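Student: Take this structure, written in structure tokens, and hold onto it; I'll ask about it next.
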Amino acid sequence: MRNILMSGLLLAAAFSTTPARALDSSGTPVVVTPLASRTTTASGQPITLPQKNVQVLVSTFDIAPGATLPVHRHPFPRYAYVQAGTLKVTNVETGNSNTYKTGDFIVEMIGQWHQATNIGDGPVKLLVIDQVEEGAKNTELRQ
1 MRNILMSGLL LAAAFSTTPA RALDSSGTPV VVTPLASRTT TASGQPITLP QKNVQVLVST
61 FDIAPGATLP VHRHPFPRYA YVQAGTLKVT NVETGNSNTY KTGDFIVEMI GQWHQATNIG
121 DGPVKLLVID QVEEGAKNTE LRQ
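For the sequence shown, counting from 1, position 98 maps to 98 in the working numbering; every step adds exactly one.
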């Protein structure tokens with residue numbers, strides 16, 4: 001429960017809708033710029049957290065130009081920040097696609113089959129955050 005509360009507080013602080021100013025311990029200003037605030041996934045689902053023993057996993061992805069990830073789905077919430085490049089994500093169940101560019105924040109769909117393609121000239125770099133039940137994986141490949 002404590003992990004869920006802390007995750008919620010961190011997300012709330014990170015995604016506040018107004019710029020925040022604070023001071024570090026030396027009195028130097030710190031500017032917090034909100035990047036996103038979402039209550040639904042890319043396909044419109046409500047965001048729901050795992051119900052027990054939440055584990056936060058953070059990773060980076062480097063996707064080469066022209067590369068397409070295999071069709072997959074996520075049983076738990078996954079968030080991605082596009083650090084560089086252009087990524088097209090297609091929900092293979094509905095055929096709907098979204099294109100994300102440098103600076104975009106993605107709340108990935110949960111439990112829906114999708115795939116992503118780097119449609120730009122350079123690599124796509126993602127910072128990815130998963131919230132899973134402790135010890136669980138957050139990517140299932142379609143057989």
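Quick reminder that beta carbons are idealized off the backbone N, C-alpha and C, glycines included.
Remember, predicted model here, so these are calculated numbers, not experimental data.
Taking DSSP's pairing of strands, which residues face A116 in a bridge?
Tutor: The sequence position of residue 116 within the sequence shown is 116, counting from 1. BP columns for A116 point to V89.
Student: Could you please give the first and the last residue of the uninterrupted beta strand (DSSP E) stretch that includes L127?
Tutor: Within the sequence shown, the letter at position 127 stands for residue 127. For L127, the uninterrupted beta strand (DSSP E) run begins and ends at 124 to 133, by DSSP.
Student: Check G8 in the structure and name its three-state DSSP category.
Tutor: Taking the first residue of the sequence shown as position 1, residue 8 is located at position 8. Its pLDDT being 45, under 50, G8 is placed unreliably by the model, and the measurement read from it follows with that caveat. Looking at G8 - three-state DSSP - the assignment turns out to be helix.
Student: Please say whether T90 and Q131 have beta carbons closer to each other than 8 angstroms?
Tutor: Residue 131 sits at position 131 when you count from the first residue of the sequence shown. Residue 90 sits at position 90 when you count from the first residue of the sequence shown. Their beta carbons are not under 8 angstroms apart, which means Q131 does not touch T90 by this criterion.
Student: Identify which residue in V128, V92, Q51 has its Cα closest to the Cα of F61.
Tutor: Counted from its first residue, the sequence shown places residue 61 at position 61. Comparing Cα positions, the closest option is V128.
Student: With distances taken from CA atoms, which of T33, V58, H74, P34 is nearest T41?
Tutor: Taking the sequence shown and counting its residues from 1, the one referred to as residue 41 is at position 41. When only C-alpha atoms are compared, the closest one is H74.
Student: Measuring alpha carbon to alpha carbon, tell me which residue in D104, F105, G103, K88 is nearest S97.
Tutor: The count along the sequence shown starts at 1 and reaches residue 97 at position 97. That would be K88, whose Cα lies nearest to the Cα of S97.
Student: Please identify the residue among Q83, N118, R78 whose C-alpha is closest to the C-alpha of T39.
Tutor: For the purposes of this step, residue 39 is taken as residue 39 along the sequence shown, with counting starting at 1. Checked all of Q83, N118, R78; the closest Cα to T39 is R78.
Student: Between which two residues does the beta strand (DSSP E) containing N53 stretch?
Tutor: Stepping through the sequence shown from its first residue, residue 53 is reached at position 53. Neither: N53 is in no beta strand (DSSP E) and is coded neither H nor E.
Student: Classify A12 as buried or exposed, calling it buried when 16 or more other Cβ atoms lie within 10 Å of its own Cβ.
Tutor: Here residue 12 corresponds to residue number 12 of the sequence shown, with the count starting at 1. Bear in mind that the predicted position of A12 carries a pLDDT of just 43, short of 50, making it unreliable; the figure below should be weighed with that in mind. Its Cβ having fewer than 16 others within 10 Å, A12 is exposed.
Student: Secondary structure at L35, three-state DSSP: helix, strand or coil?
Tutor: Sequence index remark: in the sequence shown, residue 35 carries index 35 (1-based). If DSSP states are grouped into helix, strand and coil, L35 belongs with coil.
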